[in-house]
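Protein chains in written order, with our numbering: chain A, 15 to 484; chain B, 7 to 512.
Think of the CB as a built atom: it goes at the ideal place given N, C-alpha and C, for glycine as much as any other residue.
Reading through the structure tokens given below for one structure.
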Amino acid sequence: MSNHHHFVNIGTRLFYDDLVLQNQKVTQVKWAPLANGDHKLIQALDKLSKESRVQEANEKAVSIVLQGHPYLVDIGLAKDMIEGMHENLILHAGPPIEWNRMCGPMQGAIIGALLYEKKANTIEEAKALAASGNIEFSPAQHYNAVGPMAGVISASMPVHVILNKPFGNKAYCTINEGLGKVLRFGAYDESVLTRLHWIKDEFMPVLKAALFNVPLGIDLKVLIAQAVQMGDECHNRNKAATSLFFKEIVNPLLNTPFKRDHIQRVISFIQNNDHYFLNLSMPAAKSMLEAAHGVEYSTLVTTMARNGVDFGLRISGLGKQTWFTAPANMVQGLLFAGFSDEDASPDLGDSTITETLGIGGFAMGASPAITQFVGGTVEDAMEYTRSMFAITMKENTAFALPALNFMGTATGIDVLKVIKHGVLPIINSGIAHKEAGVGQIGAGIVSPPMECFLKALSALNDEYMEENHG
Amino acid sequence: MHKQTRIFKNRYVDSVSLMSLAAKVKKQEGVVEVVIAMATDMNKAIVEQVGLAVEELNTSTVNDLLIGVITQDSDRTQEIFDHILDTLSGGGKKDKATQQDKVYTSLESVVNDELKPTVAIFSIPGQYVAREAQIALENDMDVMIFSDNMSLEEEVALKQYAFDHGRLVMGPDCGTAVFDGVGLCFANEVTRGDIGIVAASGTGSQEVMVQIDRLGGGITDAIGTGGRDLSLAVNGLMMREGIRRLSEDDNTKVIVCVSKPPALKVRDLILNQLKSIDKPCVVCFLGNKETMHDEGNIHYASSLYEAAHKAVSLSPSYKGTLPELKSSKVSSVEVNPNQYIVGLYCGGTLCYEALDQLSPLGTIKSNLRHDDHVTHHVDGTTHVLLDLGDDEFTNGRPHPMIEPSLRHDWILNAAKLETTRVILLDFVLGYGAHPQAVQESLDTLKEAFEVEKERSFDIVAYVCATSKDKQGFESNVEALESIGVKVAQSNLHACELVASLIKKGV
């Protein structure tokens, strides 16, 4: 027998410790039962993993994501930009949900949207209308749109229009309102409505004209790539990206035929909101991922999103409106002074589309500053970033992280790998107050429930492995 | 009384760690009951039984950690919880002592990193091992499976694959192996030499290697096969692969095979293979009723000590003079009525050997018997030998080799029985075993001596260890002798000792 053993210990640390005591090379595996120990699911997992059609489909799907190249090309009202958008349709974050099950911030945002749209004149009218069944609610993602937190989009809200040029598909997102009392946290008082109207009446025309001055559009992939080299992960930290965007847009804004003080207010609005770029990184990610949706046999995750009650996944190889959901987890992290765990809403918002693309929590290693905000250490952040390679298909070299020796981000979450390795995607997220309108009360780390992935596995098995489709 | 139960989603911890922690917490003052376990159906039932059930249990899975505590005062509960959680998270600090900076959560991720491991050791729940072990085999690893509860079909399939590919599957339920002098799971630190061992029993293998060491010999490898290997179904696949490896290993000059009597067909297969090898072989089929006669290169031994003795005598590198091999069986003696032996063993094979050796003394009840004399109790009406490492006794607690306290109540209860003449104990030390297995039991043994000073009462112990073992050997023997325990030189010697103690007229 050879004298150079390398032991791998799967189970109790006791045996690991005594091999170390004997100066042996030994690797410990922190094992846990796969798929909650469900043998049928484990069999499905192994079958799908070995299936060449699955492997080929995933190659194809993830290469679409990697080749994606989103540009900001326009801004316009949702009803004019989003196909299928209409007066009685309100889009929201996360998987489908009925009015009476919605969380506080989402209900608040919908009340705000109905007041903004002048569909209701009072809060009571808005609530009655929302509950009446005359308003249609749908996940924004069904319309290629995304929104942070409540993610509410109504017909006459302005949306950024992002074009994924290599594939020609578009994605949409509202304009970030800033912090404090804002619609996305469910606030709907006069100040919120006034700001929304200002965005529509004064902000949108200037930005639209400015973008007209940039015929090729603003290259968001390049901005994200630069921003992750400057300490952003483009989910909870968008300082660098917003600054870079500001640099790109300021001249086109100045070159619009609007009055100087009008342009000034638009410039100030962007300048004073460090999260402006979140509402660009999100639809950029959405456009890249949506292009990869609908590849038969692919087990690629194309959406992770939360509505404050449920967490939902969409899978490339399964239907466009098929979600795999489970109750959303609570975000673990740091709360602002004066708030306690009881105040927190469960995980909320479409912003996890950034993690789905491989930035956000997946790029935390690039963003040491964020660790102070969400808790943990810089080493933890590096480890989070590295550990995501276990559950993804490829490294995205377009988003290279200097602190990790220019390693690219882990891209293309594979349902099978998540279950096989028992590693859940890392998300860093803001924490919303559970009551409408209070706003953000902290930030932290959260993961999707494993159940979502197990349901997706089960559906993939039914769809592709049950040999009953002739 | 104050009760609290909490469930931590997706926080898997291996059962050995949890059982050890629970055993420690339970000893703390003011703790009435504690359950620290994964939320398996069995553990859920236990929680229900002790009155710690909560609604959340219904939706919990095997990956959820469940902690339930009953304390006398309510203010202790939080403290106990904090202590448990702190211990589980490694005292709040990252373990800097580990070699690796990367956390692997699956064998496949280790393989994907091209670390090229050569041996995989499994101690995860048995029903999940087959899939993982297959991955290890397909990636050119030898496999050791400490876990039990693997189905026979899975074992046969794995071993057939391994056999066909020249790989080893040691186990399931394999506790001991030595690879190139490296002890895996439960093994002793022994001198390197020229004797190779293949054993279907863990402590049997440990006893042979320890005795070889003490006699002045040394070993190359000790390959384990798991207890079912020599059944008709498994057909000795790994015993045969182990023998093949040792026969091809230039450093191995003598081969020792240890097992309970195999199925006849399998026995012939093994013996024929051994006969075809040009190395001397020592065969010890423990408990074999048939008398076997040495033949060609095959030498038979009827005890573990004899196997070690014969192997050393056959070892070409051994230049010393061996002590005379007196008898290899305890002889029949007339015993005093109503004076019984109570054997409380950690080592299954050591217990089995004692059962075989002491059979001339009359009826001995044991949990290892499969006839009318099976028992799981000590009631003071016959000799009893118990293997306390058996599932029925551990029941949610760690094996007594890992957690010696499991045996303490048994010792005290046996001492209190008037008919107990002698308590027979083993201490199996070495890798895997409790770092202070003997010290942990000293107070209990002292207490046992205190119970009844009037009558004749002895404690005989065998310490299966070498002086190179991490717990030491001599110091442990001294500690035991200093409180009046009679320490034997081998398990066979321990049997001889107890037999002489209960001899009529003594």
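- Annotation for B:Val504: Ile347, Val428, Leu430 and Val466 place their beta carbon closer than 6 Å to its own, counting only its chain and skipping 5 residues before and after.
- Comparing C-alpha distances from A:Arg198 to each of A:Leu28, A:Gly453, A:Met479 and A:Pro462 shows the shortest one belongs to A:Gly453.
- Boundaries of the beta strand (DSSP E) around A:Thr188: Asn183 to Thr188.
- Residues of the same chain with a CB within less than 6 Å of the CB of A:Ala298, apart from the 5 flanking positions on each side, are Pro84, Ile176 and Leu234 in chain order.
- For B:Val341, there is no enclosing alpha helix (DSSP H), since its DSSP letter is neither H nor E.
- Residues of chain A with a Cβ closer than 7 Å to the Cβ of B:Asn49 do not exist, since the nearest Cβ in that chain sits about 13 Å away.
- Residue state for A:His289 is assigned as coil, using DSSP reduced to three classes.
- Of the residues assessed, A:Ala142 falls on the exposed side of the cut-off, its CB having fewer than 16 other CB atoms within 10 angstroms.
- Contact between the stretch 220 to 227 of chain B and the stretch 244 to 258 of chain B is present: 3 or more CB-CB pairs across the two stretches fall below 8 Å.
- Checking the DSSP bridge columns, you'll see B:Thr400 has no partner listed.
- Shortest Cα-Cα distance from B:Leu391 to any of B:Glu409, B:Asp432, B:Gly402 and B:Pro410 involves B:Asp432.
- In this structure B:Ile489 is exposed. Its beta-carbon is surrounded by fewer than 16 other beta-carbon atoms within 10 angstroms.
- Contact residues of the stretch 43 to 60 of chain A toward chain B are Val43, Lys44, Trp45, Ala46, Pro47, Leu48, Asn50, Gly51, His53, Ile56 and Asp60 (C-beta to C-beta distance below 8 Å).
- Runs of the beta strand (DSSP E) lying entirely within the stretch 236 to 322 of chain B and spanning at least 3 residues, in chain order: 260 to 265, 287 to 291 and 304 to 306.
- For A:Ala470, no Cβ of chain B is located within less than 9 Å of the residue's own Cβ.
- Non-local C-beta neighbours of B:Gly189 in its own chain, meaning closer than 6 Å and more than five positions away in sequence, comprise Tyr437, ordered along the chain.
- Between A:Thr406 and chain B, the shortest Cβ-Cβ separation is not below 9 Å.
- Judged by pairs of C-beta atoms under 8 Å, the stretch 200 to 208 of chain A touches the stretch 445 to 459 of chain A, as three or more such pairs exist.
- Using a 10 angstroms sphere on the CB of B:Thr472, the tally of other CB atoms reaches 16 or more, which defines it as buried.
- Taking 7 Å as the upper bound on Cβ-Cβ separation, chain A lies near residues Cys191 of the stretch 191 to 224 of chain B.
- Rounded to the nearest whole angstrom, the CA to CA distance from A:Asp361 to A:Thr208 is 28 Å.
- Straight-line measurement puts the Cα of B:Ile417 at about 7 Å from the Cα of B:Ala454.
- Contact annotation: in the stretch 132 to 144 of chain A, no residue has its CB less than 8 Å from a CB in chain B.
- By the CB criterion at 9 Å, B:Pro404 and B:Val38 fall outside the cutoff.
- Less than 9 Å divides the Cβ of B:Glu114 from the Cβ of A:His435.
- Taking a cut-off of 8 Å for Cβ pairs, the stretch 280 to 291 of chain A and the stretch 213 to 230 of chain A touch, as three or more such pairs fall below it.
- Closest in alpha carbon position to A:Cys466, among A:Ser354, A:Ile329 and A:Glu70, is A:Ile329.
- Secondary structure note for B:Ile86: it is in no beta strand (DSSP E), and the uninterrupted alpha helix (DSSP H) holding it is Ser80 to Leu94.
- Residue ranges of uninterrupted alpha helix (DSSP H) with 4 or more members, entirely inside the stretch 414 to 468 of chain B and ordered along the chain, are 414 to 422 and 443 to 457.
- DSSP places A:Pro360 outside both helix and strand once states are collapsed to three, so it counts as coil.
- Residue B:Ile90 holds the alpha-carbon nearest to the alpha-carbon of B:Val19 among B:Ala51, B:Glu85, B:Ile90 and B:Gln55.
- A straight-line Cα-Cα distance of about 12 Å links B:Glu254 and B:Arg246.
- Of all residues in the stretch 62 to 82 of chain B, the ones placed with a Cβ closer than 7 Å to any Cβ belonging to chain A are Thr67, Val68 and Asn69, in chain order.
- In this structure, the straight-line span from the alpha carbon of B:Leu275 to that of A:Lys469 is close to 49 Å.
- With a beta-carbon spacing of about 14 Å, A:Ala169 and A:Gly161 fall beyond the 8 Å limit used to define contacts.
- Per DSSP, reduced to three states, the secondary structure at A:Thr336 is coil, with no helix or strand assignment.
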